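S.K.: So for the sequence shown, numbering that gives the first Met the number 0 puts the first residue at 0; every next one is plus one.
Glycine included, each C-beta is placed from N, C-alpha and C at the ideal position.
Computed from a predicted model, the values in this text were never measured in an experiment.
Before I ask anything, here is the structure I am working with.
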Amino acid sequence: MHIRRLSKPDASALQECRLAGLSESPEAFLASYADIVGTPLADVERDLEDPNILYLGAFDHSNLVGMIRFVRPDRRSRRHTAEVRSVYVRASHRGQGMARRLLSQLMEESRQIGLESLTLSVLASNEPARRLYESLGFSVYGREPKAIKKGNEYIDQLHLWRDLATS
């Protein structure tokens, strides 16, 4: 397994991986499969070329089996931080520490480009993800009640923060 930055030639694999995540684990994401399935490949390629978006991919040989991204704000006053989004590892590769490796590498690359902190959100019902984030130094700073509505069910969303100056 190896992890590397994704670029424009990875767009098709990234789109397929993201759709697999939304299909396999719909409860773990804010977006739904229906929200993303019609996204033109050109939009994915544009995201991969955007200097404010960083995607990392985990590969098993040449197969993309996991991904993570951050989005850095445009405003100068917020450029010291970024928001982690779209953490996903295929079911076939879970339990091997891949999400931890993806997040750890993203934190290291964030430090290298001068970021001082990262934020992320997780559904309150997603205990495994929350435990992972907290084990890597993220702490909850807020809870948004009824943030997500899926069918007739509401799910709270937790907001977490990580200072990158600490190891």
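(1) What residue range is occupied by the uninterrupted beta strand (DSSP E) comprising S116?
(2) Which same chain residues, not among the five before or five after Y32, have their C-beta less than 7 Å away from its C-beta?
(3) Going by DSSP, which residues form a beta bridge with K149?
(4) For E82, which residues does DSSP report across the bridge?
(5) Any contact of the region 144-153 with the region 91-111, i.e. 3+ C-beta pairs under 8 Å?
(6) Answer with buried or exposed for D42, where buried requires no fewer than 16 other C-beta atoms within 10 angstroms of its C-beta.
(7) D59 by DSSP, collapsed to three states: which one?
(8) According to DSSP, simplified to helix, strand and coil, what is V36?
(9) What's the gap between the Cα of S134 and the Cα of L40?
(10) Would you list the residues sitting across from V139 in a DSSP beta bridge?
M.R.: Straight from the coordinates:
(1) S116 to L122
(2) L18, L21, S22 and P25
(3) E152
(4) V70 and T118
(5) no
(6) exposed
(7) strand
(8) coil
(9) 35 Å
(10) L159
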